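Chemist: Below you will find the structure I want to go over with you.
Protein chains: 2
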Amino acid sequence: MALTLGIVGGGQLARMMIAPSVELGVEVRVLAEEPGMSAAIAATAVGDYRDLETVRAFARDVDVVTFDHEHVPQDVLRALVAEGIAVHPGPDALQFAQDKLRMRARLAELGIPQPVWAEVTDAAQLQAFLAENGGRAVVKTPRGGYDGKGVRVVSSPDEVSDWFADGALLAEELVDFSRELAQQIARRPSGESAVYPVVETVQRGGVCAEVVAPAPHGAPRLAEVAADIGLAIAEGLGVTGMLAVELFETTDERLLVNELAMRPHNSGHWGQDGAVTGQFEQHVRAVLDLPLGDPTPRQPWAVMVNILGGPVADSLESRLPGALAAHPAAKIHTYGKAPRPGRKVGHVNAVGTDLEVVVYEARAAAAFFAD
Amino acid sequence: MALTLGIVGGGQLARMMIAPSVELGVEVRVLAEEPGMSAAIAATAVGDYRDLETVRAFARDVDVVTFDHEHVPQDVLRALVAEGIAVHPGPDALQFAQDKLRMRARLAELGIPQPVWAEVTDAAQLQAFLAENGGRAVVKTPRGGYDGKGVRVVSSPDEVSDWFADGALLAEELVDFSRELAQQIARRPSGESAVYPVVETVQRGGVCAEVVAPAPHGAPRLAEVAADIGLAIAEGLGVTGMLAVELFETTDERLLVNELAMRPHNSGHWGQDGAVTGQFEQHVRAVLDLPLGDPTPRQPWAVMVNILGGPVADSLESRLPGALAAHPAAKIHTYGKAPRPGRKVGHVNAVGTDLEVVVYEARAAAAFFAD
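Here it is as structure tokens:
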């Protein structure tokens, strides 16, 4: 009997796990939030991932449950584990991706470098934090934030007064960073890990816009320090599957942990075409506790540029021929989502030996879809 | 609206078209012969591809019809075309893949180099052919043969006496070849072509066992001659989609056409991991008349080794962890088919800069599944 992988969530990350699952002979099933989602081709169930009965019924027929996102509630996850269902990553790890205050506290215990931070429960505490940290800070809701949502840069507690009613907030120093990096690690339940090269990520408007793999212009020790941080977090938090650690590189050459993701991550899309084993195949292998693949880049450089929706509703179809004709070596990936302004609807990967050429190719191909 | 591609036939070639279709945002539907076939994940209909109503109902909702195999009858194909349905490759081209006598006659008209051949309708004609060609010949049924079926090497008409009742046979000289090659061409309805590097294929028991891309040890003009033959056939026969031309390289350094396939072909599986644009993506692009991708190899060498079923029914699942652990850089592709002795159930691709290492890796990983 083929191994069966159940993915909770029908978005593009689930969609991109389908192809490597099929290659490996793994039967893949998706619990989608609604019909017609990105991963619809493998959807065997539609329902609410917050509902225990829905998830339990879906999980009963699969060998391992994994996720398109980190939003499945802890009580649902723990009920599955209590029934003996293999869940990767498991609830003990996922709590740190679901709650940024818990994440900061745990990373502090592990001695991982991170920005100065504090839990603040009212305006006075935030005011004190601001006073100690130069008068400005990043404030985050502990739960539910992604792609810049639930994050504000403030200089007064008044700017997040609407948030305090929901509970404690995370205050972080405004890091003086020179750039942002991301370190990915794959880890199996039985312990084997694979380390991807640290990459540079470029955000625009709080959303990942571009990734260069490996991170260029790095000091020789940069990759080692990033890998050590990633491995320490993967082991310290008991992550299984793919872990992405978003990092700030500071102007004084330190690396500080910004955010964590316990799933395939936008910073690793380059590997579909640029690594011997891309993150989607690696995640499938890792959560099924199969031996991990080689994470080495196939070419010296890979660049990923996201395709964001614009005002043209059919831009993915109507612009595709022009993009393919102009860039026959670019790899265009789309997510089966209706373009809306700012929505991630696809990405372009380019690989090669000359970074300037590769950056140009990825950007130019993606630009066909831009407006 | 997304482009919709309809694939008739649910085998592994259809299966391997699914991933690139999804990447490009093409909706893919499969008419499978039965439930649970290789391409089941995209099967929207199950039925007999020889039945016009079945195929017509399937074809009505898609933008382009293409194929997992070449066996859809001419009358079915022509009825679709008469209704204005886009069919690629079309019946005018497919007739030459369906009937080896027509193929030989047409290639002769085009001046394409091929073995000495004749249409023989009785024992006397075959006896005459044998007498003129050294006493031995290859005899083929014009229709329905593949993977060595419908092919016999004979030294007497008695050895194919059971075949004459079904009509004329194709007799071919027994070519004194040093090795077998394959040349792939992609061609769009609007005329654009893309040329893959000529590859060496190794057959065992009439079945493709191994492919090395590009063909090693070739005289410099070899690749040019093979490409010219492929392009001349693609244009001369009006092929759309992928064309594979199986070639004999003779001991006196000529290239002679052996067989044609108008679909993705076992000799091109290496390109999934070894070419910028693999044959499955290229076929999808070509039949939808989208601009073709770059067929250039990503690495100096790619080697494909087929996985054939053996006596162990669960060999694909039970041997997978060992193969993955021993060969973390090998790319293992499986077809969702139950292993039976001699049945193609998957393949391994390996790529790299040192041919001996690449050959070893592909063979060693495939050997895990061998018995």
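Residue numbers (the working numbering), protein chains in the order written: chain R, 321 to 691; chain D, 321 to 691. In this text, a Cβ means the ideal position worked out from N, Cα and C, and glycines have one as well. In this text, all values refer to a predicted model and were calculated from it rather than measured experimentally.
Say whether the segment 544-563 of chain D touches the segment 503-510 of chain D, bearing in mind that this needs 3 or more beta-carbon pairs closer than 8 Å, one atom from each stretch.
Modeler: Result yes; three or more Cβ-Cβ pairs closer than 8 Å.
Chemist: According to DSSP, is Met582/D part of a helix, a strand, or is it coil?
Modeler: Residue state, collapsed to three classes: coil.
Chemist: Return the residues of the segment 593-620 of chain D that lie within a Cβ-Cβ distance of less than 8 Å from chain R, sorted by chain order.
Modeler: Flagged, chain order: Val596, Thr597, Arg605, Leu610, Pro611, Leu612, Gly613, Asp614, Thr616, Arg618 and Gln619.
Chemist: Which chain D residues are close to Gly656/R, counting only those with a beta carbon under 7 Å from its beta carbon?
Modeler: Under the 7 Å cutoff, chain D gives Gly345.
Chemist: Quick one: does Val384/R have its CB under 8 Å from some CB of chain D?
Modeler: Output row for Val384/R: interface = no.
Chemist: Please specify which runs of the beta strand (DSSP E), each continuous and at least 3 residues long, are wholly inside the segment 576-636 of chain R, giving them in chain order.
Modeler: Whole beta strand (DSSP E) segments, 3+ residues: 621-628.
Chemist: Are Thr654/R and Val665/R closer than 8 Å when you measure CB to CB?
Modeler: A contact, by the Cβ cut-off of 8 Å.
Chemist: Just the Cα atoms here: how many angstroms apart are Arg335/D and Glu520/R?
Modeler: If I take the Cα positions, the gap works out to 35 Å.
Chemist: I'd like to know whether the C-beta atoms of Phe688/D and Leu636/D end up nearer to each other than 8 Å.
Modeler: Not in contact: Phe688/D and Leu636/D (Cβ atoms no closer than 8 Å).
Chemist: Taking the continuous alpha helix (DSSP H) assigned at Ala360/D, which residues delimit it?
Modeler: No alpha helix (DSSP H) contains Ala360/D, which DSSP labels as neither H nor E.
Chemist: In angstroms, rounded to a whole number, what distance separates the CA positions of Gln523/R and Leu675/D?
Modeler: Gln523/R and Leu675/D: Cα-Cα distance of roughly 41 Å.
Chemist: How is the beta strand (DSSP E) around Thr386/D delimited, first residue to last?
Modeler: Residues Val384 to Phe387.
Chemist: Keeping to the same chain, check which residues put their C-beta closer than 6 Å to that of Ala365/R; ignore five residues upstream and five downstream.
Modeler: Around Ala365/R: Leu351 and Phe378.
Chemist: I need the DSSP call for Gln434/D, collapsed to helix, strand or coil.
Modeler: In the structure shown, Gln434/D sits in coil (DSSP, three-state: anything other than H, G, I, E or B).
Chemist: Looking only at its chain, what residues have a beta carbon closer than 6 Å to the beta carbon of Glu530/D, apart from the 5 residues adjacent to it on each side?
Modeler: Answer for Glu530/D: Val522 and Val625, listed in chain order.
Chemist: Using a Cβ cut-off of 7 Å, which residues of the segment 657-677 of chain D contact any Cβ in chain R, in chain order?
Modeler: Against chain R - using a Cβ distance shorter than 7 Å - the segment 657-677 of chain D contributes no residues.
Chemist: I'd like to know if His408/D contacts chain R, where contact means its C-beta is closer than 8 Å to some C-beta of that chain.
Modeler: No, His408/D does not count as interfacial toward chain R.
Chemist: Look at the Cβ atom of Leu325/R, then the Cβ atom of Leu608/R, and state whether they are nearer than 8 Å.
Modeler: Yes. Within cutoff.
Chemist: Once the 5 residues before and after Ala547/D are set aside, which same chain residues still bring their CB inside 6 Å of it?
Modeler: Contacts found: Val515.
Chemist: Listed in chain order, which residues of the segment 448-467 of chain D have Cβ atoms closer than 7 Å to some Cβ of chain R?
Modeler: Listed in sequence order: no entries.
Chemist: If contact means a Cβ-Cβ distance below 8 Å, which residues of the segment 354-382 of chain D contact chain R?
Modeler: For the segment 354-382 of chain D, which is checked against every Cβ of chain R, the residues closer than 8 Å are Ile361 and Ala362.
Chemist: Check Ala546/R in the structure and name its three-state DSSP category.
Modeler: Helix.
Chemist: Which residues in the same chain as Ala686/D place their Cβ atom closer than 6 Å to its Cβ, once the five residues preceding and following it in sequence are excluded?
Modeler: Contacts found: Val625, Ile627 and Val668.
Chemist: Residues of chain R with CB closer than 8 Å to the CB of Leu640/D, please, in chain order.
Modeler: Those within 8 Å of Leu640/D in chain R are Leu344, Gly345 and Leu610.
Chemist: Determine the closest residue to Glu619/R out of Pro393/R, Leu640/R, Ala595/R and Arg660/R, with distance taken between C-alpha atoms.
Modeler: For clarity, residue 619/R is Gln in the given sequence; the question names Glu instead. Residue Ala595/R is the option with its Cα nearest to Gln619/R.
Chemist: Once the 5 residues before and after Ser358/D are set aside, which same chain residues still bring their CB inside 8 Å of it?
Modeler: Only Gly330, Gly331, Gln332, Ala334, Arg335, Tyr655, Gly656 and Lys657 meet the Cβ criterion.
Chemist: What does the alpha-carbon distance come out to for the pair Arg463/D and Ala413/D?
Modeler: Each residue's alpha carbon lies about 15 Å from the other.
Chemist: Scan the segment 330-417 of chain R and note each continuous beta strand (DSSP E) run of 3 residues or more that stays entirely inside, going in chain order.
Modeler: With a minimum length of 3 residues, the continuous beta strand (DSSP E) runs that stay inside the segment 330-417 of chain R are 347-352, 363-366 and 384-387.
Chemist: At the 8 Å Cβ level, is Ile652/D part of the contact set with chain R, yes or no?
Modeler: Chain R contact via Cβ: present.
Chemist: Listing by chain order, which chain D residues have their CB less than 9 Å from the CB of Pro631/R?
Modeler: What Pro631/R touches in chain D: nothing, since even the nearest Cβ is about 18 Å away.
Chemist: Could you tell me whether the Cβ of Glu637/R comes closer than 8 Å to any Cβ of chain D?
Modeler: Closer than 8 Å: yes.
Chemist: What does the Cβ neighbour count give for Pro409/D, buried or exposed, with the cut at 16 atoms within 10 Å?
Modeler: So Pro409/D counts as buried.
Chemist: Run through the DSSP bridge pairs and tell me what His653/D is partnered with.
Modeler: Its beta-bridge partners are His667/D.
Chemist: Pick out whichever of Ile361/D, Glu353/D and Asp388/D has its Cα sitting closest to the Cα of Ile338/R.
Modeler: Measuring from the Cα of Ile338/R, the nearest candidate turns out to be Ile361/D.
Chemist: How should Glu354/R be labelled, buried or exposed, when 16 other C-beta atoms within 10 angstroms of its C-beta is the threshold for buried?
Modeler: Under this definition Glu354/R is an exposed residue.
Chemist: For chain D, find out if any of its Cβ atoms is closer than 8 Å to the Cβ of Ala687/R; answer yes or no.
Modeler: It does not: the Cβ of Ala687/R has no partner Cβ on chain D nearer than 8 Å.
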